[in-house]
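Inspection log for the structure reproduced underneath, given as C-alpha cells.
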Amino acid sequence: MARWGMVIDFDKCVGCQSCSIACKAENNVPHGSPEEHRKRTAPFWQKVIAVSNGEYPVQRTDLIPMPCMHCDNAPCVMVCPARATYHRDDGIVIQNFRRCIGCKYCIVACPYGVRSFNYKEPVEQEYHRPDPPPNREDKGVWPYPHRVHGVVEKCTFCFHRMDEAVKQGKRVGEEVVTACAEACPARAIHFGDLDDHNSEVSKLLAARPSIRLREGMGTHPKVYYLLK
Amino acid sequence: MSSTFVSIDGKSRGYKTLVTVLVVLALSGLISFVGSYIQGHQTFGSSNVIPWGMPIVLTIYLIGLSAGSLILSSLTYVFGREEYRPIARMAVYLAIVLIFGALLSIAIDLGRPEKFWRLLMFFYMNNMSSMFAINGILYGGYFVLTLTYLVLIFSGLTAYVKKMGVVAVCWAVLVHMGTGAIFGFIAAREAWVSPIKPLEFLAAAITSGVALLILAVVLTLKFTGRKVNREMVVSLGRMLSVFIIILMVLIFVDKMTHFYSPERGATVFMLAGQYSWMFWVLQVGLVAVVPLAILFNPRLNKTVRYVSLGGSFCRRRHLLREILPGNSRRGLSAALLSRTHRRGVGEGRGVCHNAGGDDSVPGYTGYSGLALCAWFEVPGVIAGEGTRGRARPGRSTRCRGITCGRRNTCRSGNIRNH
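Those sequence lines, one after another, are chains V and Y. All residue numbers for the first sequence refer to our numbering, where the first residue is 1 and numbers rise by one. All residue numbers for the second sequence refer to our numbering, where the first residue is 229 and numbers rise by one.
Below, the structure is given as C-alpha cells:
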C-alpha cells in the first residue's frame with residue numbers, strides 16, 4: 001500500500017495562492033464573503049500563510065503553504081469522540097461528515113490550525129472536471145461531497161483522484177497529483193508515495209534538506225518542506 | 229438547625245411570579261438556540277481561530293458547580309457532620325439540575341446537536357482514546373448515580389445512602405478531573421496543556437460549589453422567610469476561604485510552569501497582553517482578593533450577609549475561561565512558526581490573528597438569552613428546593629429551556645438529517 005505524502009519547496013513558492021483557489025474549485029469549498037474572512041469563519045482546506053520575520057531594514061517574509069499535514073500520529077484522530085476522523089490504509093487522515101457531530105475538539109487539538117468548521121450550509125455544485133471522472137457509485141458522494149453546516153472539514157489529499165488513479169493503473173505523482181500540486185505555476189508542490197524509493201518525493205527528500213512543521217509535537221506529518 | 233420540610237401548594241403570588249419569569253427566560257433561551265442553529269455557530273462568537281465559544285464556558289462552569297456541590301454533600305452523608313445536614317439534600321439536588329444544564333450546553337455547542345446520541349454509544353461508536361468519549365461515560369454515569377443517590381436520601385435508607393455517597397462523590401471527583409483533562413491533555417494549546425489542570429479544575433469545582441451553596445442556602449431561607457443558621461454559614465465561609473487559597477496556589481503553579489516551559493507566549497499574553505485585565509481583575513480580583521478580604525475581615529466574616537457576598541463573587545470564577553480559547557490560539561501561532569522563526573510572529577498574516585477579536589461581542593449578546601437562562605436557574609432551584617421541601621427535578625427543570633431545547637433538537641434532526 002502506498003503512503004501518500006507531499007513535498008513543498010520553499011525555494012520555489014511565490015505565494016500566488018493558486019493552490020488555495022484550485023483546492024476550493026476541486027473540493028467545492030466555499031469562497032467566503034469578505035465579512036466571513038474578517039470573522040475567520042470562511043473554511044480553508046489549503047492556504048498560504050505569510051510570516052514576517054524581523055524589523056523593517058532586515059525584514060523577511062516567508063510563505064508557507066498549509067495543507068493538512070496528514071500526521072502519522074494525528075492528534076485529531078486521537079481526540080475525535082465519534083470516530084469521524086480516522087486513518088485510511090494509505091495514511092490519509094480522512095473526515096467522515098456523516099459521523100461528525102461538530103464538537104470542534106479536533107480543531108482545538110490540531111497543532112497546525114488546518115481544520116475548518118462549516119459555519120453555513122454549502123451550496124451544491126456540479127463537478128466540472130472531465131478527468132478523473134467522478135465515480136459516485138462506490139465512493140458515495142465524492143468528489144464534491146455532500147455536506148451540511150455544523151461539521152468539521154479539512155484537506156483530503158484529493159483522495160478521490162488517488163483512488164481513481166490507482167484503480168486505472170496511472171502513476172500517482174506524475175500523471176495524477178492533487179489539485180494544489182497540479183495548479184502550482186512554480187511547481188513547488190510535489191505529491192507521491194513516500195514509501196517508494198523511486199518516486200519524485202523520495203528523491204527530493206533524499207537530495208535536499210527538509211523540515212516538517214512542529215516536529216517537537218511528535219505528530220510525524222507527511223508534508224515535508226524543502227528549505228531555501 | 230432542625231430541618232423541617234413542607235410541601236408548597238404553588239398558589240402564592242411569589243411562586244407564580246417566579247415561574248413566569250423562568251418561563252420567559254426559558255423561551256428566550258429556546259429562541260436563541262433556534263437562532264444559533266439556523267444562523268450557525270458564529271452567533272456564539274466562535275470562529276476557526278477560536279472554535280469554542282460561550283457554551284463551553286457555560287458547560288465547565290455548570291459541571292464544576294455540580295461536582296462541587298455533590299462533593300460537599302458528602303460532609304453529612306459520608307463523614308457524618310450533622311451540622312451541614314440542612315444543606316446536604318439541597319447540594320445533591322443542585323448537582324442533578326446543574327449537570328443537566330451542563331449536558332444541554334454541550335449539546336448546544338455541537339455543530340450537529342441532533343447527533344448527540346453518538347456520544348452516548350459508549351465503546352460502540354466512540355473512539356475511547358478521546359477525552360470527550362471518556363467524559364461521556366463519566367457524565368452519563370454521574371447523572372444516574374446522583375439521581376439514585378437523591379432517591380435513596382429521600383427514602384431514608386441511611387446505610388445505603390452512605391455507601392452510595394462514597395461512590396457518587398468519587399465519581400464526582402472523576403467527572404471534574406475528566407473535564408480538566410479535556411483541556412489539560414491537548415498538547416497543541418500551550419496555555420492549557422498541564423498535568424495539574426485536572427486538579428485545578430477539581431479545586432475550582434469545590435470552591436465554586438461551596439460558594440454556590442452558601443448563596444443558595446442564604447437566598448432560599450431568606451426567600452421563604454426562615455431563620456438562617458449563622459454558625460453553619462460562617463463555617464462554610466471558612467471552608468470557602470481555604471479552598472480559594474488552594475485554588476490560587478494551583479493556578480499560580482500552573483502559570484509558573486507555563487512561564488518556564490519553552491512556549492511561554494500564551495501565558496505572557498494572558499498575564500500581560502491585551503486581555504490580561506480579564507485575568508487580573510475578574511479571576512484574581514473577584515475570585516480571590518475580594519472574597520478573601522471579606523472572609524478574613526474579623527468584623528465581616530461573622531455576618532451571614534457578607535459571607536454570602538463573598539460566595540457570590542467566587543461563583544464567577546469559571547466565566548473567566550472564555551479568555552482561554554482566544555489566547556491559546558495566539559500561542560498556537562507562535563509555536564507553529566517557531567520551528568523556523570523565532571521573532572516577529574505577531575506580524576505574520578494568515579494564522580496570526582488578533583486573539584479574542586471584537587466579533588465575539590455581538591455573538592455573546594445573541595447568546596445572552598440562553599446564558600441568562602442558565603444563570604437564573606439558581607433561583608429556580610432555590611425556590612424548588614426551599615419551599616417545596618421535597619425536591620422534584622421535573623418541576624424545576626421545566627423552567628430552564630431544557631426540555632424545550634431538546635424537543636427542538638429532535639424536530640430539526642428530522643428535517644435536516646441527511
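Glycine included, each C-beta is placed from N, C-alpha and C at the ideal position. Just so we're clear, the structure is a prediction, and the values are computed from it rather than from any experiment.
| field | Chain-ordered neighbours of residue 41(V) on chain Y, where CB pairs are closer than 8 Å | value | Taking the first sequence and counting its residues from 1, the one referred to as residue 41(V) is at position 41. Close partners of residue 41(V) in chain Y (Cβ separation under 8 Å): 268, 270, 275, 276.
| query | Expressed to the nearest angstrom, what Euclidean distance is found between the alpha-carbon atoms of residue 405(Y) and residue 189(V)? | reply | The residue you call residue 405(Y) lines up with position 177 of the second sequence. The residue you call residue 189(V) lines up with position 189 of the first sequence. Straight-line Cα distance between these residues: approximately 44 Å.
| request: Output yes if chain Y places a C-beta closer than 8 Å to the C-beta of residue 7(V); else output no. | output: In the first sequence, residue 7(V) corresponds to position 7, counting from 1. By this cut-off, residue 7(V) is not an interface position.
| request: Could you list which residues in chain V have their beta carbon closer than 8 Å to that of residue 358(Y), in chain order? | output: Within the second sequence, numbered from 1, the residue matching residue 358(Y) stands at position 130. Per Cβ cutoff of 8 Å: 78, 79, 80, 81, 105.
| request: Give the residues of chain Y in contact with residue 189(V), contact being defined as C-beta atoms less than 8 Å apart. | output: As a working mapping, residue 189(V) is identified with position 189 in the first sequence. None at all; the shortest Cβ gap to chain Y is about 17 Å.
| query | With a Cβ-Cβ cutoff of 8 Å, do residue 435(Y) and residue 411(Y) count as a contact? | reply | Position 207 of the second sequence, counted from the start, is the residue given in the question as residue 435(Y). Position 183 of the second sequence, counted from the start, is the residue given in the question as residue 411(Y). No, the pair does not count as a contact, with Cβ atoms beyond the cut-off.
| Nearest-angstrom beta carbon gap, residue 290(Y) and residue 329(Y) [assumed within contact, 8 Å] | As a first step, residue 329(Y) must be located in the second sequence, where it is residue number 101. As a first step, residue 290(Y) must be located in the second sequence, where it is residue number 62. The Cβ separation is near 5 Å, so the contact holds.
| field | Other residues of its chain near residue 577(Y): CB distance less than 6 Å, five sequence neighbours each side excluded | value | Looking up residue 577(Y) in the second sequence gives position 349. Its pLDDT being 27, under 50, residue 577(Y) is placed unreliably by the model, and nothing is read from it.
| query | Can you tell me whether DSSP reads residue 6(V) as helix, strand or coil? | reply | Locating residue 6(V) in the first sequence gives position 6, counting from the first residue. Three-state result, residue 6(V): strand.
| task | State whether the stretch 442 to 449 of chain Y contacts the stretch 298 to 318 of chain Y, with contact taken as three or more CB pairs (one from each stretch) at a distance under 8 Å. | result | yes
| Using a Cβ cut-off of 9 Å, which residues of the stretch 148 to 177 of chain V contact any Cβ in chain Y, in chain order? | 148, 149, 150, 151, 152
| query | For residue 124(V), is the classification buried or exposed, using 16 other Cβ atoms within 10 angstroms of its Cβ as the cut-off for buried? | reply | Stepping through the first sequence from its first residue, residue 124(V) is reached at position 124. The residue is exposed, with fewer than 16 neighbouring Cβ atoms inside 10 Å.
| request: Could you tell me which residues DSSP puts in a beta bridge with residue 210(V)? | output: Your numbering for residue 210(V) matches position 210 in the first sequence. Looking at the DSSP assignment, residue 210(V) forms a beta bridge with 226(V).
| Inter-residue spacing [alpha-carbon to alpha-carbon] between residue 339(Y) and residue 108(V) | Numbered from 1 along the second sequence, position 111 holds the residue referred to as residue 339(Y). Numbered from 1 along the first sequence, position 108 holds the residue referred to as residue 108(V). Straight-line Cα distance between these residues: approximately 14 Å.
| task | Taking residue 31(V) as part of the alpha helix (DSSP H), name the residues at either end of that continuous run. | result | Residue mapping note: residue 31(V) aligns to position 31 of the first sequence, counting from 1. Counting along the chain, residue 31(V) falls outside any alpha helix (DSSP H), and DSSP gives it neither H nor E.
| task | Kindly list the residues whose CB is nearer than 8 Å to the CB of residue 365(Y), restricted to its own chain and excluding five residues on each side of it in sequence; keep chain order. | result | Residue numbering aside, residue 365(Y) sits at position 137 when the second sequence is read from its first letter. Excluding positions up to five away in sequence, the list reads 350.
| message | With the cut-off set at 8 Å, would you say residue 105(V) and residue 77(V) are in Cβ contact? | response | Position 105 of the first sequence, counted from the first residue, corresponds to residue 105(V). Position 77 of the first sequence, counted from the first residue, corresponds to residue 77(V). Not a contact, by the Cβ cut-off of 8 Å.
| query | Which residues, in order along the stretch 358 to 380 of chain Y, keep a beta-carbon less than 8 Å from a beta-carbon of chain V? | reply | 358, 359, 360, 361, 364
| query | Do residue 67(V) and residue 217(V) have their CB atoms nearer than 8 Å? | reply | To locate residue 67(V), count along the first sequence from 1; it is residue 67. To locate residue 217(V), count along the first sequence from 1; it is residue 217. It is not a contact, given that the beta carbons lie outside the stated cut-off.
| Reference residue 150(V), options 526(Y), 264(Y), 506(Y), closest by Cα | Position 150 of the first sequence, counting from 1, holds the residue named residue 150(V). Residue 150(V) has its Cα closest to that of 264(Y), out of 526(Y), 264(Y), 506(Y).
| task | Tell me where the beta strand (DSSP E) around residue 66(V) begins and ends. | result | For the purposes of this step, residue 66(V) is identified with residue 66 of the first sequence, where counting begins at 1. Run containing residue 66(V): 60 to 66, per the beta strand (DSSP E) assignment.
| task | For residue 466(Y), return the contacting residues in chain V, with the cut-off set at a CB-CB distance below 7 Å. | result | Along the second sequence, one-based indexing puts residue 466(Y) at 238. By Cβ distance, chain V contributes nothing, its closest Cβ being about 38 Å from residue 466(Y), past 7 Å.
| Terminal residues of the continuous beta strand (DSSP E) containing residue 47(V)? | Along the first sequence, one-based indexing puts residue 47(V) at 47. Element bounds for residue 47(V): 47 to 53.
| said: Classify residue 70(V): buried if its beta carbon has 16 or more other beta carbons within 10 angstroms, exposed otherwise. | reply: Residue mapping note: residue 70(V) aligns to position 70 of the first sequence, counting from 1. Buried: at least 16 other Cβ atoms inside 10 Å.
| task | Check the C-beta distance from residue 469(Y) over to residue 523(Y) and give it rounded, since I have them as a contact under 8 Å. | result | Here residue 469(Y) corresponds to residue number 241 of the second sequence, with the count starting at 1. Here residue 523(Y) corresponds to residue number 295 of the second sequence, with the count starting at 1. Going by Cβ atoms, the distance from residue 469(Y) to residue 523(Y) rounds to 4 Å, so yes, they are a contact pair.
| query | Under 8 Å Cβ-Cβ, which residues of chain V neighbour residue 340(Y)? | reply | As a working note, residue 340(Y) is residue 112 in the second sequence. In chain order: 100, 101, 102, 148, 150, 151.
| query | DSSP puts residue 85(V) in a beta bridge; with which residues? | reply | Within the first sequence, numbered from 1, the residue matching residue 85(V) stands at position 85. Under the DSSP definition of a beta bridge, residue 85(V) partners with 95(V).
| query | What is the DSSP secondary structure of residue 192(V), reduced to helix, strand or coil? | reply | Position 192 of the first sequence holds residue 192(V). Strand, per DSSP.
| query | Exposed or buried, residue 83(V), counting other C-beta atoms within 10 Å across all chains shown (16 or more means buried)? | reply | By 1-based counting over the first sequence, the position of residue 83(V) is 83. The residue in question, residue 83(V), is buried, as its Cβ has 16 or more Cβ neighbours within 10 Å.
| query | Buried or exposed: residue 164(V), going by 16 or more other Cβ atoms within 10 Å of its Cβ? | reply | In the first sequence, counting from the first residue as 1, residue 164(V) sits at position 164. Here residue 164(V) is buried: its Cβ has 16 or more other Cβ atoms, across all protein chains shown, within 10 Å.
| Is it buried or exposed for residue 13(V), if we count other Cβ within 10 angstroms and need 16 for buried? | Start at 1 with the first residue of the first sequence, and residue 13(V) comes out as number 13. By the neighbour-count rule (16 or more Cβ atoms within 10 Å), residue 13(V) is buried.
| residue 69(V) versus chain Y: which residues are under 7 Å apart at the beta carbon? | Position 69 of the first sequence, counting from 1, holds the residue named residue 69(V). Neighbours of residue 69(V) on chain Y: none; closest Cβ ~11 Å, over 7 Å.
| field | Alpha-carbon to alpha-carbon, residue 408(Y) and residue 427(Y) | value | Residue mapping note: residue 427(Y) aligns to position 199 of the second sequence, counting from 1. Residue mapping note: residue 408(Y) aligns to position 180 of the second sequence, counting from 1. Their backbone Cα atoms lie some 7 Å apart in a straight line.
| field | Where residue 38(V) falls, given that 16 or more other Cβ within 10 Å makes a residue buried | value | On the first sequence, residue 38(V) is found 38 positions in, with the first residue counted as 1. Exposure of residue 38(V) is indicated by the presence of fewer than 16 other C-beta atoms within 10 angstroms of its C-beta.
| request: Tell me where the alpha helix (DSSP H) around residue 390(Y) begins and ends. | output: To locate residue 390(Y), count along the second sequence from 1; it is residue 162. Segment 386 to 412, the alpha helix (DSSP H) holding residue 390(Y).
| field | Cutoff 6 Å; reference residue 228(V); Cβ partners in own chain excluding five residues on either side | value | Taking the first sequence and counting its residues from 1, one reaches residue 228(V) at position 228. Within the same chain, residue 228(V) has close Cβ partners 10, 11.
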